[in-house]
Each structure stands twice: as C-alpha cells, then as structure tokens.
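Numbering (the numbering used here), first residue to last: 141 to 431.
For reference, the structure is listed below as structure tokens.
Right, dumping it as structure tokens:
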C-alpha cells in the first residue's frame, strides 16, 4: 500500500453539543397581564360592575330615597388543553456523542412560552365572551373601532404613538402601568427618528443598547408575534396589566418517559391548559402600521 492511503485513517472530531437555532425562548407577555394561576373547571369567569354615573339626587324633606342600581356582567375564558411532545428512539442514544434530551426539554419549554404569548395576544385584540343574564348565553364582544388606531397602509408615526397614549388618559385607564408591544420594524422606525432619539425624548440607552424601555409613559415589550403572516403589516397593542386575565393548569409536567409498548422510546413533553379573556375594552388600544 502507498503512503497516500494514510488519509483512510484520518479521524473526525464529532460535536458533543448542539447549536440551537434561534427562536423566542421566554414568554414576553405573561408577566404583563394578570395571571390568576391554576383553574378548577373547564373555564373561569371575570365579574364586571358598571359605573353608578355622576348625578347625585337632591333629597326632598321626608321624601323617598333615590337609588341608582349598579349593572353587572360576566366574562368567560375557556380553558384549552395543549400537548407539547417530541421523542427519541432509545436504540439511537448509544450512537450519539451529543445527548439531545436536555436541548429538547429546553426547546419544548420555549415552544410552550410562545403559545402562552399567542393566547394572551389574541385575548387582547380578539373577542371577549360576555353576558348580562343568568343563563350561560355569552355574546362575543369585539374590540371597538374607537380602540383601534392606525392603518396597515401607513407606517408608524409619532402622532399615532401620542394618540395611543392619550386614548388611555381619555378612557381614565392611565392609573396603572401601560404596556405596548413592538417588533423589530417599529424599533427601526423609532431608532431612525432623530427627533425621538434626542435627549429631549429618550434616555441615551435607547441608542446605546438598541432597545426601548420607557417612552410616552409606556413599558415597551418586544414581541415579534404582532407581525402579520404576510410580513407586510403589524398590529401592535397597548394595554394595562388588568386588561387581560389568564389561567394556566399543568396537567402533566414536562418530563422524559420511557414508553414500554413502543420499544421503550423516550417520550419527551408535557400537557398544559390555558385560557384568557379581556376584562375591559377601554384598557386596550390596538394599532396597525405598515412595515
């Protein structure tokens, strides 16, 4: 044999770890709304009490007392079950230098966090089942047109952001923290605006760190889920913490189980239940803009 055959015994160093492709890992929205924890039942309700108005009666001497009755309503959040699983054939594990189990657990947890964000986001801008009668007859309440600003045919503007903020003041909904979602496109628009990035408007960290923390009295939350499927527009949302209530049940926790009836392959995953409902339309402002 010639020396040139030495390349037949060259070796390869195989990786013993995995490089995870990029994805949203943590929940962006769960901490910004009201989490009521675990729920007993197929759904949970939110009780609503109306205003008593501003008019006070002028009493007549020894006359009848004038009463103003409160109005009541109930909103419904339906709990939906979700399974989140992956698997590994047990006979493949001795053939792998890099054990994928820990990475799969992390990826499954990240996937669940993104699902929770989707449920919260849809509760903010979607329909809220509501009833004012004793029977379980709920009517879907959409976010009113007056609470939806902007258009998918025009880019974001400073005026639109100011209109969003003043909407909360007009609705008397600015007595608690207000959150607003943004994506990379909205961040780009704000960072590129020299007026907004001047010292008169934002702290220097906006340019130094490339992030928004507090502007116009909003707590800014980065969430790419506001981008439309076609990538041409986005629907952001501004809201208070009490604007949505969310419940989460852990039906079967995240774990690795050997399935005896299928050659002991590893079933990796969990089953959870989640439900959310908007509590008050005046505490939510959706805004549309062109990308």
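Backbone N, C-alpha and C fix where the C-beta goes; we use that ideal spot for every residue, glycine too.
What you are looking at is a predicted structure, and each value in this text was computed from that prediction instead of being measured.
Query: Exposure of residue 376, with buried meaning 16 or more beta-carbon neighbours within 10 Å; Result: buried
Query: Rounded separation between residue 422 and residue 371 - CA only; Result: 28 Å
Query: Test item: CB-CB of residue 374 and residue 323 under 8 Å; Result: yes
Query: Cβ contact check for the segment 224 to 236 and the segment 407 to 418: 3 or more pairs under 8 Å; Result: yes
Query: Residue of 420, 381, 232, 210 minimising C-alpha distance to residue 190; Result: 210
Query: Beta-carbon spacing of residue 361, residue 386 below 8 Å; Result: no
Query: Continuous beta strand (DSSP E) assignments of at least 3 residues falling wholly in the segment 265 to 324; Result: 268 to 271, 279 to 281, 288 to 290, 318 to 322
Query: Beta-carbon gap between residue 430 and residue 294 smaller than 8 Å; Result: yes
Query: Length-filtered (3 minimum) beta strand (DSSP E) runs lying within the segment 151 to 234; Result: 174 to 177, 183 to 189, 212 to 218, 220 to 228
Query: Residue interval of the beta strand (DSSP E) (run including residue 395); Result: 384 to 399
Query: Residue 185 versus residue 214 - alpha carbon distance; Result: 6 Å
Query: Backbone CA spacing between residue 245 and residue 281 [nearest angstrom]; Result: 38 Å
Query: Residues that DSSP places opposite residue 411 in a beta bridge; Result: 223, 392
Query: Sufficient close CB pairs (3 or more, under 8 Å) joining the segment 240 to 260 to the segment 149 to 160; Result: yes
Query: Alpha-carbon to alpha-carbon, residue 400 and residue 368; Result: 43 Å
Query: Contact check, residue 173 vs residue 384, beta carbons under 8 Å; Result: yes
Query: Residues near residue 193 by beta carbon distance below 8 Å, same chain, minus five either side; Result: 208
Query: Distance CB(residue 290)-CB(residue 318) smaller than 8 Å; Result: no
Query: DSSP-derived helix/strand/coil call for residue 376; Result: strand
Query: C-beta contact flag for residue 269 and residue 216 at 8 Å; Result: yes
Query: Sequence-distant residues of the same chain with beta carbon closer than 6 Å to residue 259, five excluded per side; Result: 414, 416
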